[in-house]
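In this note's numbering, the protein residues as written are 4 to 414.
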Amino acid sequence: MNEKDFSNDKDKNLSNSGENEQKNAKRSRKRKVSVDEYRYMEKINLPQTGNIEDFIDLRCYKVGIKKYDLLLDDYRNTTRFVLQPFFQRNFVWDNLRKSRLIESIIMGIPIPSIYSYTRQDSDNKEFKEIIIDGQQRLRTIKQFISNVFPIEGLTLNGYLNGLYFRDLPSQVKNKFLNYTLHIVNVNNVENDKIILDMFKRFNTGGVALNSQELRNCYFSGQWNNAVKELADYKTFKELFSYLNEDHMEKEECVARFLALYEDINSYTQDSQGLLDNYYCKKLKLQETNSDELTQNINKMSRVFKKAVDACALVFGKNAYKNFIAINAEDNNVKGFYRKFSKVIFDMQMLGFADIDLELISRHRNKIRSSFEKLTVSFPDIKLNISNRSKKQTFSRIETWKKLVLDAVEEY
């Protein structure tokens, strides 16, 4: 198809929508500006930490907002935007959804504003814009310009189907590159909890992110990379082979152990709040003293791997699972293990963390027997993690630690 024929087909299709599309576009722009202008002004929902400093920080702290426009031609050549790996699951927009976005841009229909926040790179001290909302849109645009995928599945503008960016006639290509993105940039934010909250409130896409995926999106850098590396520790992966890797469940368990081991006194019934605060502390350390953070990562990696190895030695494939007793007479407990439990994970990992691995290996049968008897004596150990108080958490962990110490004590 030559450019003249292509242009005639394009004009014919675009004219079908005519004046109604222009009105719809104006209404769309008006509606979206109304939403985007005030979205960031919503009140922040606080976890019930009872911490007055948190209340002051989140409710009273002011942030800077800068709005500006950016041509796609400028966007494709800039390096100031940082697109984090938004999902660790396998979800990405399919080609139809990508194609519809490209079609909207070619037709000049407004798309939602892109939200970013400014952060200084801890290594080269350059200021970068981290994307809060709009990652998939920006990825799609960048991929299309790079000829990664062709347009497909369109009905109104079907003449575009099968075309890569390189195939577009010059007038259509120029129209695409002269499309304006509207950027809302958040800056002057020293409290990371505010930005993390923004990530959560903008989590409105087709696939909702869980808390750990949001942390992965926001807390880039050395600490987050260390958590992901520990989640890939071979023995740990083998013990967690039955979990869905797409939703970062392993990474959250790693973070839970590290947070409870280092900062258990900060624990409240809000376990997600504990992890958010823990990640914020590590991010601050990353920005102020990267050498100290490196030392901390090395230490915690050793502690984590030793605890995992101990769980594998004692429980094998039944590590972190509930024990269901079917016969507990005459101090001879029999039963079976089933279903992963975060409560059991916390107990077993923290109970082994500070005990010599050789002692644990030598007395593993006695330790396993002590655990099975404990679940019979204290059935509430298997309560859902959301139902446990700080006092209950401490009690369970300390009870288990004492049993392990008693089991490995050699006379």
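All residues carry an ideal CB built from backbone N, CA and C; glycine is no exception. It should be emphasised that the depicted structure is a prediction, and the values quoted were computed from it without experimental measurement.
If you draw a straight line from the Cα of serine 372 to the Cα of glutamate 265, it is about 28 Å long. Three or more beta-carbon pairs separated by less than 8 Å link the stretch 314-332 to the stretch 362-380, which places the two stretches in contact.
Under the Cβ criterion (8 Å, minimum of three pairs), the stretch 104-120 counts as touching the stretch 155-174. Assignment of tyrosine 120 by DSSP, reduced to helix, strand and coil, places it in the strand class. When only Cα atoms are considered, lysine 176 and proline 115 end up about 21 Å apart. Approximately 37 Å separates the beta-carbon atoms of tyrosine 120 and asparagine 164; this is outside 8 Å, ruling out the contact. Rounded to the nearest whole angstrom, the CA to CA distance from phenylalanine 339 to glycine 319 is 13 Å.
Secondary-structure assignment with DSSP links histidine 185 through a beta bridge to Asp72.
Take the alpha-carbon of phenylalanine 374 and the one of aspartate 357: they are about 17 Å apart. A distance of 8 Å or more separates the beta carbons of lysine 128 and arginine 122. For aspartate 136, the enclosing beta strand (DSSP E) has its first and last residue at 130-136. For glycine 338, there is no enclosing alpha helix (DSSP H); the residue is found in the beta strand (DSSP E) stretching over 337-343.
Separation of the CB atoms of valine 257 and phenylalanine 307 is rounded to 7 Å, and the pair is thereby assigned contact status at 8 Å. With a cutoff of 8 Å on beta-carbon distance, leucine 73 and leucine 184 are scored as near each other. Alanine 328 sits in a strand when the DSSP states are folded into three classes.
Excluding sequence positions up to five before and after threonine 238, its CB lies within less than 7 Å of the CB of Val311, Asp312 and Ala315, all in the same chain and listed in chain order. Within the stretch 213-272, the complete alpha helix (DSSP H) segments at least 4 residues long are 214-221, 225-234, 237-242 and 252-266, listed from N- to C-terminus.
Per DSSP, serine 149 lies in no alpha helix (DSSP H) and is assigned neither H nor E.
Taking the C-beta atoms as reference points, phenylalanine 243 is found nearer than 8 Å to lysine 253.
For leucine 166, no alpha helix (DSSP H) encloses it, and the DSSP letter there is neither H nor E.
Apart from the 5 residues on each side of it in sequence, methionine 352 sits with its Cβ closer than 7 Å to the Cβ of Phe260, Ala310 and Cys314 in its chain, given in chain order. Looking only at Asn368, Ala229 and Ile134, the smallest Cα-Cα distance to glutamine 298 is reached by Ala229. The residues Tyr167, Phe168 and Arg169, in chain order, have a CB closer than 8 Å to that of asparagine 150 in the same chain once the five nearest residues on each side in sequence are set aside. Linking isoleucine 144 to asparagine 219 through their CA atoms gives a straight-line distance of about 23 Å.
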